[in-house]
Structure formats: C-alpha cells, structure tokens
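Remember, the working numbering sits 42 above the position in the sequence shown when you count from 1.
Beta carbons: idealized from backbone N, C-alpha and C, even for Gly.
Please read these numbers as outputs of a predicted model, since none were measured by experiment.
See below for the structure under consideration.
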Amino acid sequence: MVTESKATAVPAQKASRHIRLTSHAGAPGVPAIHWGAPTAAERAPVIGTTTTRAHRNVIGTHSGSYSVYRALAVAAGALSPEHRADLTNTAPTDVIGPYPQWSQPDTIVGLDPWGAMVADVFATELAAGYDIRPSIAVTKAHVMLPEIATAIAAGRLRPDGHVLLKNGAALVTKAAIEPVWYLPGLAARFGCTEATLRRVLFEETGGMYPELVTRGDLEVFLPPIGGQTVYIFGTPRDLADPTIELTARVHDECNGSDVFGSDICTCRPYLTHAIEECILGAQRGGVGLVAYSRKEGRALGEVTKFLVYNARKRQHGGDTADQYFARTECVAGVQDMRFQELMPDVLHWLGIRKIHRLVSMSNMKFDAIVGSGIEVGERVNLPEQLIPADARVEIDAKMAAGYFTPGPVPDADELRIAKGRGLTP
Ligand SMILES: [Zn+2]
Numbered sequence: 043m044v045t046e047s048k049a050t051a052v053p054a055q056k057a058s059r060h061i062r063l064t065s066h067a068g069a070p071g072v073p074a075i076h077w078g079a080p081t082a083a084e085r086a087p088v089i090g091t092t093t094t095r096a097h098r099n100v101i102g103t104h105s106g107s108y109s110v111y112r113a114l115a116v117a118a119g120a121l122s123p124e125h126r127a128d129l130t131n132t133a134p135t136d137v138i139g140p141y142p143q144w145s146q147p148d149t150i151v152g153l154d155p156w157g158a159m160v161a162d163v164f165a166t167e168l169a170a171g172y173d174i175r176p177s178i179a180v181t182k183a184h185v186m187l188p189e190i191a192t193a194i195a196a197g198r199l200r201p202d203g204h205v206l207l208k209n210g211a212a213l214v215t216k217a218a219i220e221p222v223w224y225l226p227g228l229a230a231r232f233g234c235t236e237a238t239l240r241r242v243l244f245e246e247t248g249g250m251y252p253e254l255v256t257r258g259d260l261e262v263f264l265p266p267i268g269g270q271t272v273y274i275f276g277t278p279r280d281l282a283d284p285t286i287e288l289t290a291r292v293h294d295e296c297n298g299s300d301v302f303g304s305d306i307c308t309c310r311p312y313l314t315h316a317i318e319e320c321i322l323g324a325q326r327g328g329v330g331l332v333a334y335s336r337k338e339g340r341a342l343g344e345v346t347k348f349l350v351y352n353a354r355k356r357q358h359g360g361d362t363a364d365q366y367f368a369r370t371e372c373v374a375g376v377q378d379m380r381f382q383e384l385m386p387d388v389l390h391w392l393g394i395r396k397i398h399r400l401v402s403m404s405n406m407k408f409d410a411i412v413g414s415g416i417e418v419g420e421r422v423n424l425p426e427q428l429i430p431a432d433a434r435v436e437i438d439a440k441m442a443a444g445y446f447t448p449g450p451v452p453d454a455d456e457l458r459i460a461k462g463r464g465l466t467p
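Encoded structure:
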C-alpha cells in the first residue's frame with residue numbers, strides 16, 4: 043500500500059492511495075454482457091468506468107486513445123477521477139436503429155450498436171448508480187469545403203437550400219464512434235484463436251491491459267485506438283432502406299492529404315469527390331455517407347509513412363510504382379495494417395443492406411463490404427483530372443495490385459517509370 047505522505051497532496055494523489063487493480067472479478071450483480079442479444083436489456087450495458095472498479099464489465103476504458111489524456115488530466119490534478127458525465131441534452135439528434143444486424147452476433151464486433159442511446163435504454167442501470175457512458179454521439183453540422191465551392195462555381199453542384207445551402211455549406215448528420223471490441227468475434231474475423239488475440243494484444247502493447255490474459259470472463263475490450271466518424275447527407279434512416287439510392291465512401295484517415303493538401307496521394311481529392319457525389323445523390327432523393335476511420339498511413343502511423351516517403355524518393359531509379367509496396371514493407375514489415383475486416387461494422391450499425399454507388403477503387407474495401415453481406419451496385423472511380431501528378435506512383439501501384447479501374451491497368455514497363463517527384467525542388 044502506498045501511504046499518503048504530504049498533507050498538501052492534490053486530490054488526484056489522495057484518490058490513488060490504493061492502486062486500483064482491475065484484474066480480479068467485479069462485484070456480484072454487475073450486468074454481464076451478452077453480445078448480439080436482441081434487446082438492449084438482454085445485451086446489458088458496457089461499463090468501462092474507472093471510478094467504481096467493481097462495476098466494470100469490460101477491459102480498458104472509454105474514449106479510445108484519449109483515455110491516456112484523461113489519465114494525464116487526472117495525474118496533473120486538473121480532473122477529478124470521480125467525475126461522472128452529466129448527459130443532460132446530449133441525446134442523439136437522430137435515432138439510428140435498432141436494426142436487425144444489431145442482434146446478429148457476428149455482424150457487428152467492433153463497436154457497440156447501443157452506444158448512442160445508453161441514457162435511454164440503460165436508464166434503469168444509470169439510476170441504480172452504474173457509470174455508463176455513450177460510446178457513440180450523433181449531432182448535426184454544416185460542412186464547408188473549398189472543393190464544394192469550386193463545384194458550385196463550375197455548375198456541377200446547385201444549392202437547393204436543403205442538402206446544400208447558397209453559401210456552399212452542406213447539411214450533414216454526423217456520428218462519432220469509439221471502438222468497442224467483442225474479442226471472440228474479433229478473433230473469428232482475423233482467423234486466430236481468442237487466446238492468441240488476447241495474449242498478443244497484451245504483449246504487443248507492453249502489457250498495458252493484464253485483464254486480457256487474467257479475465258477470460260470479460261469478453262469486451264475498449265482499445266486505446268482512434269475511432270471513426272460518419273457523415274450523412276440526407277435522412278439517416280434512409281440508409282437502411284435498400285430501395286433508396288445510397289452513395290457511400292469508406293475513407294481511411296490521411297492527415298497529410300486530407301487536412302494539409304499534400305499531393306503525394308489521392309486521399310483528399312477522393313474524399314472531396316465523394317462528398318460531391320454524396321450531395322448529388324442526396325439531391326436526387328437518395329442519401330450519402332462518408333465513413334471516416336482513424337487509421338493514419340494505412341494504420342502504420344505518420345512517422346512510418348514519412349519514413350517510407352523518403353525511402354521511395356531516395357531509392358535508386360527514383361519513385362516508381364513497381365517499388366511502391368516494397369518500400370512500405372521494408373520499413374513497416376507489412377504493406378498495410380488497416381485490415382478492412384472490421385470496417386463494414388459501421389455500415390451494419392446504420393442498417394445498410396445495399397450501396398448503390400460505392401465511391402472507392404479499393405478491392406480490399408469492396409471485398410470486405412460484399413463479404414459482410416452488403417450488396418454493392420456501381421463502383422465510382424476517381425476521375426483522372428483529380429489525380430495529383432506526384433500521386434501517379436500510388437494510383438498506378440494500386441491499380442496494378444487489383445484496385446478497381448474502368449481504364450487500362452498499367453503494365454510492368456509502365457510501373458518501372460519514375461513518376462514521383464524527388465525530395466529536392
Ligand atoms: Zn493519403
């Protein structure tokens with residue numbers, strides 16, 4: 043036991059007199075989670091609280107990677123570890139579900155479908171003193187992008203006062219979603235045993251969550267990783283109606299291009315093209331969706347990504363498509379760690395059964411969506427004129443590797459031509 047030594051200790055230190063181990067069983071009566079159960083009451087709430095250890099029924103805690111910042115705030119004395127969220131007026135602006143997919147245990151394993159409505163469906167448990175937090179929040183926004191203003195000026199988009207305003211703002215419903223992993227389902231998706239998954243998650247995070255290996259009874263893990271955001275153009279409930287045209291893009295984060303306009307890849311052009319298509323689709327009476335996942339640099343992280351850029355541009359012969367994946371593999375050990383296996387979960391949360399227009403060329407995303415039971419109609423490629431010159435290497439390499447394209451696939455000779463810019467101006 044650590045003894046309090048200073049009378050002037052800050053509250054955070056007082057609160058941590060005992061180290062709060064979470065690696066043994068909780069109090070009797072704590073609701074057990076039955077993943078995929080047909081109703082919220084039968085499924086039971088996800089309780090990832092750090093204030094009342096005995097109430098916990100999951101491994102890890104809320105807020106994904108931001109749980110670490112929360113810990114820093116507590117350590118710095120800026121946040122009381124006992125703080126509980128006041129959920130007054132935080133209810134979703136739009137009700138999403140419940141949909142049949144929510145009660146198919148294998149269909150959604152990477153998020154909590156009831157995560158947006160905990161204040162409603164778990165009101166009894168909240169009143170009984172359980173600290174239950176939403177893992178999903180749904181709100182409204184206006185989004186303004188220079189590419190949309192350009193599309194309006196060029197006459198490709200017309201403000202209608204409903205989907206798109208005269209000032210160029212598109213009206214959206216957006217939802218932020220934290221990862222909630224059902225470990226047996228996750229193991230099945232990745233083709234490994236649950237024991238292996240638990241052990242490797244424990245070991246490869248430096249032993250961050252001992253309960254992964256000590257608490258086999260806890261099947262749900264709130265991992266300290268980034269989540270995802272969905273942007274909906276049109277009426278959210280229309281997403282679940284397969285007779286209503288759905289235009290959708292699933293996009294993986296690329297800070298360099300998405301935010302800062304780097305021209306080495308096609309991420310932002312594809313994202314803004316998809317938003318334009320979503321607005322057009324919604325104006326035709328359909329609905330549009332962009333699902334944005336925090337998987338920076340193919341989930342390898344931005345440091346690895348920038349190292350690869352240098353390796354590509356300094357290699358003998360210049361930046362060529364035929365070495366595109368090899369250079370990534372040299373630095374990271376793999377070509378890609380995004381693993382689209384979990385990506386369709388968010389589509390099933392929204393009740394989607396058919397995507398009429400999928401704005402993506404990725405065969406990995408297409409295969410994951412179709413493999414999860416969602417029908418895909420047309421595949422919409424990125425128009426040639428939107429591909430930045432320096433991104434030619436990436437797009438050629440991806441098309442040669444199986445990306446969808448209605449045009450010719452570059453051959454071996456084409457892939458050996460250096461098309462990327464060097465590092466010096
Ligand atoms: Zn990119």
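Euclidean distance between Cα positions of residue 397 and residue 287:
Walking along the sequence shown from the start, residue 397 turns up at place 355. Walking along the sequence shown from the start, residue 287 turns up at place 245. Answer to the nearest angstrom: the Cα atoms are 7 angstroms apart.
Using 7 angstroms as the threshold, is the C-beta distance between residue 187 and residue 91 below it?
As a first step, residue 187 must be located in the sequence shown, where it is residue number 145. As a first step, residue 91 must be located in the sequence shown, where it is residue number 49. Between residue 187 and residue 91, the C-beta spacing is not below 7 angstroms.
Cα separation between residue 462 and residue 113?
Start at 1 with the first residue of the sequence shown, and residue 462 comes out as number 420. Start at 1 with the first residue of the sequence shown, and residue 113 comes out as number 71. Residue 462 and residue 113: Cα-Cα distance of roughly 43 angstroms.
Quick one, are the C-beta atoms of residue 69 and residue 86 less than 7 angstroms apart?
Here residue 69 corresponds to residue number 27 of the sequence shown, with the count starting at 1. Here residue 86 corresponds to residue number 44 of the sequence shown, with the count starting at 1. No, they are not a contact pair.
Regarding residue 309 and ligand 1, is the C-beta to nearest heavy atom distance less than 6 angstroms?
Position 267 of the sequence shown, counted from the start, is the residue given in the question as residue 309. Yes; taking the cut-off as 6 angstroms, the Cβ of residue 309 has a heavy atom of ligand 1 nearer than that.
Can you tell me the Cα-Cα spacing of residue 148 and residue 227, whole angstroms?
Within the sequence shown, the letter at position 106 stands for residue 148. Within the sequence shown, the letter at position 185 stands for residue 227. So the two alpha carbons sit approximately 6 angstroms from each other.
Go ahead and label residue 196 buried or exposed: buried means 16 or more other beta carbons lie within 10 angstroms of its beta carbon, across all protein chains shown.
In the sequence shown, counting from the first residue as 1, residue 196 sits at position 154. Result: exposed.
Tell me where the alpha helix (DSSP H) around residue 353 begins and ends.
In the sequence shown, residue 353 corresponds to position 311, counting from 1. Looking at the DSSP string, the run of the alpha helix (DSSP H) that includes residue 353 is 344 to 356.
Under 8 angstroms: do the stretch 323 to 333 and the stretch 402 to 416 share three or more Cβ pairs, one atom per stretch?
Pairwise C-beta distances place the stretch 323 to 333 out of contact with the stretch 402 to 416, as fewer than three of them are shorter than 8 angstroms.
Exposure label - residue 215; buried when at least 16 CB within 10 Å
Taking the sequence shown and counting its residues from 1, the one referred to as residue 215 is at position 173. By the C-beta density criterion, residue 215 is buried, having at least 16 other C-beta atoms within 10 angstroms.
heavy atom of ligand 1 below 6 angstroms from residue 404 C-beta:
Reading the sequence shown from its first residue, position 362 is the one you call residue 404. Flag unset: Cβ of residue 404 not near ligand 1.
Based on DSSP bridge pairs, tell me the residues matched to residue 337.
Within the sequence shown, numbered from 1, the residue matching residue 337 stands at position 295. Bridge partners of residue 337: none, in fact.
Would you check whether ligand 2 has a heavy atom nearer than 6 angstroms to the C-beta of residue 296?
For ligand 2, the structure offers nothing, since it holds only ligand 1.
Assuming residue 397 is part of the beta strand (DSSP E), what are its boundary residues?
As a working note, residue 397 is residue 355 in the sequence shown. From DSSP, the beta strand (DSSP E) with residue 397 extends over 396 to 400.
Less than 6 angstroms between C-beta atoms, sequence neighbours within five positions excluded: which residues of the same chain meet that for residue 360?
For the purposes of this step, residue 360 is taken as residue 318 along the sequence shown, with counting starting at 1. Correct list, in chain order: 460.
Give the range of the alpha helix (DSSP H) segment to which residue 246 is assigned.
Here residue 246 refers to the residue found at position 204 when the sequence shown is read from its first residue. Its alpha helix (DSSP H) spans residues 236 to 246.
For residue 445 versus residue 379, is the C-beta distance shorter than 7 angstroms?
Reading the sequence shown from its first residue, position 403 is the one you call residue 445. Reading the sequence shown from its first residue, position 337 is the one you call residue 379. The answer is no: Cβ separation not under 7 angstroms.
Sufficient close CB pairs (3 or more, under 8 angstroms) joining the stretch 165 to 180 to the stretch 197 to 207:
The stretch 165 to 180 vs the stretch 197 to 207: no contact.
What residue range is occupied by the uninterrupted alpha helix (DSSP H) comprising residue 325?
Along the sequence shown, read from residue 1 onward, the residue named residue 325 stands at position 283. Taken as a continuous stretch (DSSP letters only), the alpha helix (DSSP H) holding residue 325 covers 309 to 325.
Selected residue, minimal CA-CA separation from residue 458, among 267, 362, 100 and 277:
Here the question's residue 458 lines up with position 416 in the sequence shown. Of 267, 362, 100 and 277, the smallest CA-CA separation from residue 458 is found for 362.
Entirely within the stretch 127 to 183 and at least 4 residues each: give me those alpha helix (DSSP H) ranges in chain order.
Secondary structure remark: continuous alpha helix (DSSP H) runs of at least 4 residues inside the stretch 127 to 183, in chain order: 160 to 163 and 165 to 169.
Would residue 193 pass as a contact of residue 318 if the rule is Cβ separation under 7 angstroms?
Here residue 193 corresponds to residue number 151 of the sequence shown, with the count starting at 1. Here residue 318 corresponds to residue number 276 of the sequence shown, with the count starting at 1. Yes, the pair counts as a contact, with Cβ atoms nearer than the cut-off.
Give me, in chain order, the residues of the same chain whose beta-carbon lies closer than 6 angstroms to that of residue 304; leave out the 5 immediate sequence neighbours on both sides.
On the sequence shown, residue 304 is found 262 positions in, with the first residue counted as 1. 298.
Report yes or no: do the stretch 384 to 394 and the stretch 131 to 142 share at least 3 C-beta pairs separated by less than 8 angstroms?
Three or more pairs of CB atoms, one per stretch, sit closer than 8 angstroms, so the stretch 384 to 394 contacts the stretch 131 to 142.
Close Cβ partners of residue 159 (< 6 angstroms) along its chain, the five nearest in sequence each way excluded:
Along the sequence shown, one-based indexing puts residue 159 at 117. Taking residue 159 as the centre and dropping the five residues before and after it, the same chain places no C-beta closer than 6 angstroms to its C-beta.
Less than 6 angstroms separating the Cβ of residue 335 from some heavy atom of ligand 1?
Numbered from its first residue, the sequence shown carries residue 335 at position 293. No, ligand 1 has no heavy atom inside 6 angstroms of this Cβ.
Can you tell me whether residue 109 sits near ligand 1, meaning its C-beta is under 6 angstroms from at least one heavy atom of the ligand?
As a working note, residue 109 is residue 67 in the sequence shown. No, Cβ of residue 109 sits at least 6 angstroms from all heavy atoms of ligand 1.
For the stretch 372 to 459, list the beta strand (DSSP E) runs that are entirely contained and at least 3 residues long, ordered along the chain.
If we require 3 residues or more, the beta strand (DSSP E) runs fully inside the stretch 372 to 459 come out as 396 to 400 and 417 to 421.
For a test of the three-state rule: what should DSSP assign to residue 293, helix, strand or coil?
Locating residue 293 in the sequence shown gives position 251, counting from the first residue. Residue 293: strand per DSSP, three-state reduction.
Please give the ranges of any beta strand (DSSP E) in the stretch 204 to 288, keeping only runs that are unbroken, at least 3 residues long and fully inside the region.
Taking only runs of at least 3 residues, the beta strand (DSSP E) segments lying wholly in the stretch 204 to 288 are 212 to 219, 262 to 264 and 270 to 275.
In three-state terms, what does DSSP make of residue 116?
Locating residue 116 in the sequence shown gives position 74, where the first residue counts as 1. Helix, per DSSP.
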